[in-house]
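**Q** Sharing a structure, written as structure tokens. Questions coming.
In our numbering, the protein residues as written are -7 to 482.
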């Protein structure tokens, strides 16, 4: 058996398990109390959503909810008080847009809404990723990797459709972007989703899940309710998550190298990983970067207007509770089932995505909007979001800025060090879009100048926005065949 030799500082505590049933999804069913009037009706609607209570994969106790609504409306237990503003906004949106005020407390109006749920919803809205993969006729496995700093990551494997001898399979690892999860690679139909397309072409497909996201919110010693749990950014993803995950995959498959496909933050953390652990370059035969996020100074998304106010994490945490940012949950499934249905007003969902990621309405499969919204955002830490904001303000590809005093303790200097990406030696292929508001033209070209000597090819899609590279309606015909061709040459 081929084993990888790597330095001691890269030896994480690896854990592995495949559950016979049940997902690695670290979710729990929110407790609902039916109180009165409009609150009672909305709770009935939310309770109607098919939502499985999933047994936790580890021994962490269930999250303790914090009530964020007063008894005048309804008591809805959420795991963190920080998203109160979002949930209040959604509450008023639901009441004012979809339910007539004069009839909100009538049985007939509630029944009409419940009937809407019972007819025509896509089961993928409430399915976890392994159920989605299975429903499409593919075989998946759940693997667990424990990082050096104690995070327990769930990685998903999609077995190739054709038989390949052990040690001879072509291994491909896919890493999602910010606020996303492994779901992003299987969100569309089989002939439109990169995860399925790769499996159809005999690739051994592995899907990563970053710490703090829906499928990777467990830790050896900490609970998601602990503030310390959320004290990370993409620095730690590059330093701990990727080395542990990639080395585990190579050891498990007996492969010498793998191909890496990253989207957005998935590219960013690999570049960070290469700086922290240069030896990791020897394990990757090709790096395909989809809408790579590294430099952020020229983003066009409205996020740039928020960035200057998030220079330090402390004031932001005051708004978002214990440090978790936009977790996936039942409210998102409600939005996916009801607000984004084609016969209601899906333009609300699509326009929110366009506002953040860039506009490309022709390449959005409106019928899939409920699935997109139900599983994204998948959560991250407030500190990770602050790190992004710091990158927007400074226009530097650098480590997290804790402030002069703490920087001196951590980095031995008063300012955060820059990531060095000038020593890359692996072939890199870059894809970027003209309508991308998050990985903008100028920012991508700034990255290209830094790593130009190792880039094999650059592909520009003038009409693509940030999400088209993973969800685009025509990606299966326009983009993914190019990726398959490039992978075949490795």
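Note that beta-carbon positions come from the ideal geometry of N, C-alpha and C, so glycine has one too. Just so we're clear, the structure is a prediction, and the values are computed from it rather than from any experiment.
So for residue 149, helix, strand or coil by DSSP?
**A** Residue state, collapsed to three classes: strand.
**Q** Exposed or buried, what is residue 207 when buried is set at 16 or more other beta-carbons lying within 10 Å of its beta-carbon?
**A** Flag for residue 207 reads buried.
**Q** What does the Cβ neighbour count give for residue 263, buried or exposed, with the cut at 16 atoms within 10 Å?
**A** With 16 or more Cβ atoms within 10 Å of its Cβ, residue 263 is classed as buried.
**Q** Please report the straight-line C-alpha distance between residue 465 and residue 453, rounded to a whole angstrom.
**A** Straight-line Cα distance between these residues: approximately 14 Å.
**Q** Do you know whose CA, among 156, 221, 389 and 297, lies nearest residue 285's CA?
**A** Per the Cα distances, 389.
**Q** If you pair each beta-carbon of the stretch 161 to 171 with each one of the stretch 363 to 381, do three or more pairs fall below 8 Å?
**A** Enough Cβ pairs lie closer than 8 Å, so yes.
**Q** Do you know offhand how far residue 261's Cα is from residue 359's?
**A** Approximately 32 Å between the Cα atoms of the pair.
**Q** Would you say residue 430 and residue 256 are within 8 Å of each other, going by their C-beta atoms?
**A** Result yes, Cβ atoms of residue 430 and residue 256 sit closer than 8 Å.
**Q** At 3 residues or longer, and completely inside the stretch 362 to 445: list those beta strand (DSSP E) runs for me, N to C.
**A** Here the runs fully enclosed are 420 to 425.
**Q** Check this for me: beta carbons of residue 233 and residue 145, under 8 Å apart or not?
**A** Yes, the Cβ-Cβ distance between residue 233 and residue 145 is below 8 Å.
**Q** For the ligand FAD, any of its heavy atoms closer than 7 Å to the Cβ of residue 194?
**A** Absence of the ligand FAD from the depicted structure is noted, as is the absence of any ligand whatsoever, leaving it without description.
**Q** Could you tell me the distance, in whole angstroms, from the CA atom of residue 149 to the CA atom of residue 406?
**A** Cα to Cα, residue 149 sits roughly 42 Å from residue 406.
**Q** Return the first residue and the last residue of the alpha helix (DSSP H) that residue 201 is part of.
**A** Segment: none, residue 201 is in no alpha helix (DSSP H) and carries neither H nor E.
**Q** Look at the alpha carbon of residue 127 and the alpha carbon of residue 245, and state the distance between them as a whole number of angstroms.
**A** In a straight line, the C-alpha of residue 127 is about 25 Å away from that of residue 245.
**Q** Where do the ends of the alpha helix (DSSP H) carrying residue 123 lie?
**A** Counting along the chain, the alpha helix (DSSP H) containing residue 123 begins and ends at 121 to 127.
**Q** Can you list, in chain order, the residues of its chain with a C-beta nearer than 7 Å to that of residue 268? Leave out the 5 residues immediately preceding and following it.
**A** Same-chain partners within the cutoff: 230 and 231.
**Q** So what does residue 164 bridge to, in DSSP terms?
**A** Note: residue 164 sits in a beta bridge opposite 197 and 251.
**Q** Assign residue 203 to buried or exposed, taking buried as 16 or more other Cβ atoms, counted over all protein chains shown, within 10 Å of its Cβ.
**A** Label assigned to residue 203: buried.
**Q** Opposite residue 138 in the DSSP bridges: which residues?
**A** Per DSSP, 144.
**Q** In the DSSP assignment, find the beta strand (DSSP E) that holds residue 480 and state where it starts and stops.
**A** Per DSSP, residue 480 belongs to no beta strand (DSSP E); it is in the alpha helix (DSSP H), 472 to 480.
**Q** What residues in its chain sit with their C-beta under 6 Å from that of residue 143, if we drop five residues either side in the sequence?
**A** Result list for residue 143: 203 and 211, in chain order.
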